[in-house]
Amino acid sequence: MEIRHLTSDDLDAVLDNRRRAFGPLSGGAAETWRKLVSPMLPEGRFLGAFDGSRLLGAARVNPYVQWWHGRPLSMGGVASVTVAPEDRGRGVGRALMDAVIERCAELGHAVSALYPATTPLYRSAGYEHAGVLQRITLPSEALRTLDGPGGAAGAVKLRRMGPADAAELVALIGRLHAATRASGPLCFDERTWRLWLEDDDDFCYLAEDGFVVYRWSDGNIEVDNLLAGSEATARALWSMVGSASSVARSVTACADPADPVLWMLRERSKDEVTQTRWMFRLIDLPAAVEGRGFPAGVRVETPVEVTDSRRPGNAGDWLLRVDGGSGSVTRRDAPSGDATRLTIGGMSALFAGVPTATLRRAGLLTGGSPDADDALDAAFGCTAYMIDYF
């Protein structure tokens, strides 16, 4: 088996494997897929496993930025991991994931994330469950009336958004996630946003401090993205989406589990929610900790020991420091008997806000002390989420 970068000549075989793995694509969806992946080929972001000239499987590394406590990190979004049905169970997926992890490091990604079709393969590669993509369904009439009797949201200027607005949109997303100290959400690069903003079936609107992307779906409304930096803009965007209430009974939206719209609704007694889990891995432990944001009032200095069979540079004894909103890990000269010991999956989950008590009971963290657990929870604690599927 040989693993190499894919070229345009391989795309028909990749698309065939993708159909066999995830089901058929319409002609339009297949064309959009080609437009999405073709620019990534010369960048070495699409890997294939081959037996001679026959494609066994493939995996893609998308170029994303992901925010952690309001600070951006370079993230490799792993997608389109497929193995031909007749070649499953032969170690192709494991070999591909080993190559993907190394490619993430070569591309400068400090962290990586993916949506798993199966957990064991990715967990064996060091990924661990971290956060959710949450879809909430709301009555459209309840959103329509968010503008309020005074129409205060009417002062917010909204305009239609298209491919030419991609750079402005990327900058806006960064400002919003930084201001809200968000943990987990990602942003596509300008090239990808231009592609999505070309879709005639999507309705895209931009405000000075917010935006929305939504569409019709089976007679109701589906919101892909809605971010707002102020109450007025949130009310303006959500009420505009809800203005279709004479036709659409409900709105289903990908949203932050703590999205302010849930506190703006006049009535809220039971949430209609579905969640899709995503997994996360630290590719470069020192770079990830240095680039992550932390609560400004938290100060931590504690030894940690990490095991990582696939990335030896992450493994070993470290001194973790957090102070003034920033963090670092530095090598220790000798092991510490009181160190908190974590697998790379456990360290990745901790980084993403999974509580130490959970990690202990799951067997992903041992050693340390109650005081160290409290300090680590104070430093890394968050509710990680995404609002984009890839």
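Residues 9 to 398 in our numbering are what the sequence shown spells out, letter by letter.
Just so it is clear, CB atoms sit at the ideal spot from N, CA and C, and this is done for glycine as well.
Bear in mind the structure is a predicted one, so any value in this text is a computation, not a measurement.
{"Query": "At which residue ranges does the stretch 27-78 contain complete beta strand (DSSP E) runs of 3 or more residues, listed in the order of the chain?", "Result": "54-59, 62-76"}
{"Query": "What's the call for Pro-80, buried or exposed, on a 16-neighbour Cβ count within 10 Å?", "Result": "buried"}
{"Query": "Quick one, which of Ser-334, Asp-279, Ala-172, Met-105 has its alpha-carbon nearest Ala-263's?", "Result": "Asp-279"}
{"Query": "Runs of 3 residues minimum, wholly inside the stretch 129-187: which ones carry the beta strand (DSSP E) assignment?", "Result": "136-147"}
{"Query": "Just confirm the distance between the C-beta atoms of Met-169 and Leu-177, as a whole number of angstroms; I'd bet it's less than 8 Å.", "Result": "7 Å"}
{"Query": "Look up Met-394 in the DSSP assignment and say whether it is helix, strand or coil.", "Result": "strand"}
{"Query": "As a quick exercise: from Leu-44, Ala-92, Asp-325, pick the residue whose alpha carbon is nearest that of Trp-201.", "Result": "Leu-44"}
{"Query": "So for Phe-288, helix, strand or coil by DSSP?", "Result": "strand"}
{"Query": "Can you tell which of Arg-285, Asn-322, Glu-275, Arg-276 has the C-alpha that lies nearest to the C-alpha of Ala-296?", "Result": "Asn-322"}
{"Query": "Measure the Cβ-Cβ separation of Phe-54 and Glu-10 and say whether it is below 8 Å.", "Result": "no"}
{"Query": "With respect to the beta strand (DSSP E) encompassing Ser-251, which residues constitute its N-terminal and C-terminal limits?", "Result": "Neither: Ser-251 is in no beta strand (DSSP E) and is coded neither H nor E."}
{"Query": "Rounding to the nearest angstrom, what Cα-Cα distance links Asp-325 and Tyr-130 in this structure?", "Result": "24 Å"}
{"Query": "Going by DSSP, what residue range makes up the alpha helix (DSSP H) through Val-100?", "Result": "100-114"}
{"Query": "With a threshold of 7 Å (Cβ to nearest heavy atom), would Glu-275 be considered close to the ligand NAP?", "Result": "Within the structure as shown, the ligand NAP is missing, as the structure has no ligands at all."}
{"Query": "Would the beta-carbon of Ser-258 fall within 8 Å of that of Leu-146?", "Result": "yes"}
{"Query": "Drop a sphere of 10 angstroms on the beta-carbon of Trp-204, count the other beta-carbons inside from all chains shown, and report buried for 16 or more, exposed for fewer.", "Result": "buried"}
{"Query": "Starting from Ser-356, follow the alpha helix (DSSP H) in both directions and report where the run begins and ends.", "Result": "352-359"}
{"Query": "Should Trp-271 go down as buried or exposed, given a rule of 16 or more other Cβ atoms within 10 Å for buried?", "Result": "exposed"}
{"Query": "Going by DSSP, what residues sit across from Asp-325 in a beta bridge?", "Result": "Glu-313"}
{"Query": "From the DSSP output, in three-state form, read off Thr-241 for me.", "Result": "helix"}
{"Query": "When DSSP labels each residue in this structure, what does Asp-197 get in the three-state scheme?", "Result": "coil"}
{"Query": "Would you report the Cα separation of Ala-186 and Gly-101, rounded to the nearest angstrom?", "Result": "36 Å"}
{"Query": "Thinking Asp-217 and Ala-236 are a contact (beta carbons under 8 Å), I'd like their distance in whole angstroms, please.", "Result": "7 Å"}
{"Query": "Can you grab the Cα-Cα spacing for the pair Leu-372 / Pro-303, in whole Å?", "Result": "24 Å"}
{"Query": "With DSSP as the reference, label Val-269 as helix, strand or coil.", "Result": "helix"}
{"Query": "Taking the straight line between their C-alpha atoms, what separation do you get for Ala-215 and Thr-260?", "Result": "21 Å"}
{"Query": "Just grab the DSSP bridge partners of Thr-260 for me.", "Result": "Thr-145, Glu-230"}
{"Query": "Smallest Cα separation from Phe-398: which of Val-306, Pro-193, Leu-49?", "Result": "Pro-193"}
{"Query": "When the Cα atoms are used, what is the spatial distance from Arg-62 to Arg-111?", "Result": "22 Å"}
{"Query": "With 16 as the cutoff for other CB atoms within 10 Å, does Thr-15 come out buried or exposed?", "Result": "exposed"}
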